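In this note's numbering, the protein residues as written are -9 to 426.
Right, one structure below, let's go through it.
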């Protein structure tokens, strides 16, 4: 009788987070893959799906059409020149939505990176859950690293500081929270610590599986399932066909070197009544009738159990309370200060280029006017005029670019970093460090 009552007082939520790699033109086999993703999701039993990199409007509309019976409530988030790429699908009614754009989002001259032009941020929806009440769902895609040097480390740190403050605000309102997405950050990073220890989030996958030990993995059982589930790698997996570490061989040398990264997460606000009971890496197989993965990322699904009654409000914490240790806080501030100094140097260099271009423009004008009056050879006059005119046109384009990027973006980046530094330092002066 007690077991029956216990089971009757339980409910579950299944949440999927998946980066679809849906860039127009650039992403390989986008249409075929998105169609296969839609078919797979249609046949699933997920209650909430958060997607990243759905860049094409028609792809989103196709997903809405396919999922309209299972997940009738959906929201696509618009931002920047190209869109955020974020979408949320829910079985439960969506009663509020918002998009919080990040203050720092890459650099405008890094055209091939593109993050600056999509206006990355955090998508939020509040759903009305029959047992939990108001549930805040967050979905984000942080700035990419772009190489081992990771020049955007400070940008992602400011993004996670903003995120952590949003999560704390939701918790202060007594909401339950699910925070998911592609964080482009490994578990040892500042960003991960900010979300977990300052945003008071529980990493659902880590809660279920614990910290993986490379020495404890049996290489004799090396295959996609055991490898992926043990380490939780969602990106750069040697078993993903779009990964640079991919190898079709059963004796996968890259897997033996533990290649791959865990970049995709489902965090949540844990309470005795709301807890994660299972978490797995999914969408690891191939698109039917092909030898390609669904995306360049694998997905993550977490199963949450809700124990009634509905008064499962999270603990409210003091505004100056955190689980970030003082050393980590200092390291974050130091990283931001270094990036602020670099931002100022870059802006000053571009301003120097601007003034140099003004001088060069004047010199070119003098040459073009003076040479025809001083040199009798026609061929010299033609060449000087042609080359001088081309250079003047180039300088004319460079002038406004240098001024705008240096003065507008450069100062904006510098001040955004300064603002974040001061926010953290203000918090640091009064912070209460708690370990529970």
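Virtual Cβ for every residue (Gly too), placed ideally from N, Cα, C.
Since the structure is predicted, the reported quantities are computational estimates derived from the model, not experimental observations.
- The three-state reading of DSSP puts residue 222 in coil, since its state is none of H, G, I, E or B.
- Apart from the 5 residues on each side of it in sequence, residue 86 sits with its Cβ closer than 6 Å to the Cβ of 116 in its chain, given in chain order.
- For residue 85, the enclosing beta strand (DSSP E) has its first and last residue at 84 to 91.
- The alpha-carbon separation between residue 222 and residue 391 amounts to approximately 43 Å.
- Residue 198 is positioned such that its CB atom lies no closer than 8 Å to that of residue 22.
- Contact between the region 344 to 352 and the region 169 to 184 is absent: fewer than 3 CB-CB pairs across the two stretches fall below 8 Å.
- Under the three-state reduction of DSSP output, residue 311 falls in the strand class.
- Taking a 10 Å sphere around the C-beta of residue 395, we find 16 or more other C-beta atoms and assign the residue as buried.
- Collapsing the DSSP output to three states places residue 143 in a helix.
- Look at the beta carbons and you see the region 47 to 64 not touching the region 141 to 159: under three pairs across the two are nearer than 8 Å.
- About 4 Å separates the beta carbons of residue 80 and residue 63, which is inside the 8 Å limit, making them a contact pair.
- Within the same chain, and ignoring the five residues on either side of residue 195 in sequence, the residues whose Cβ sits closer than 6 Å to its Cβ are 222, 269.
- Assignment of residue 206 by DSSP, reduced to helix, strand and coil, places it in the helix class.
- Comparing alpha carbon positions, the residue from 235, 9, 96, 410 closest to residue 136 is 96.
- The three-state reading of DSSP puts residue 271 in strand, counting E and B together.
- Rounded to whole angstroms, the gap between the alpha carbons of residue 380 and residue 359 is 15 Å.
- A distance of 8 Å or more separates the beta carbons of residue 290 and residue 34.
- Here residue 16 carries a coil assignment [DSSP, helix/strand/coil].
- Distance from the Cα of residue 112 is smallest, within the candidate group 94, 76, 98, for 76.
- The beta carbons of residue 98 and residue 106 sit about 5 Å from each other, so the pair counts as a contact at 8 Å.
- The beta carbons of residue 153 and residue 185 sit closer together than 8 Å.
- Your pair residue 5 and residue 167 does not check out as a contact, with CB atoms roughly 12 Å apart and the cut at 8 Å.
- Residue 288 is positioned such that its CB atom lies no closer than 8 Å to that of residue 239.
- In the displayed model, residue 351 falls within a helix according to three-state DSSP.
- Take residue 188, set aside five residues on each side of it, and the residues of its chain with a beta-carbon closer than 6 Å to its own are 154, 312, 314, in chain order.
- When DSSP reads this structure, residue 276 sits in a beta bridge with 283.
- Taken atom to atom, the span from the alpha-carbon of residue 292 to that of residue 398 is near 43 Å.
- Taking every protein chain shown into account, the CB of residue 262 has fewer than 16 other CB atoms within 10 angstroms, so this residue is exposed.
- For residue 79, the three-state secondary structure derived from DSSP is strand.
- With a 10 Å radius around the Cβ and a threshold of 16 neighbouring Cβ atoms, residue 48 comes out exposed.
- Here residue 266 is bridged, per DSSP, to 294.
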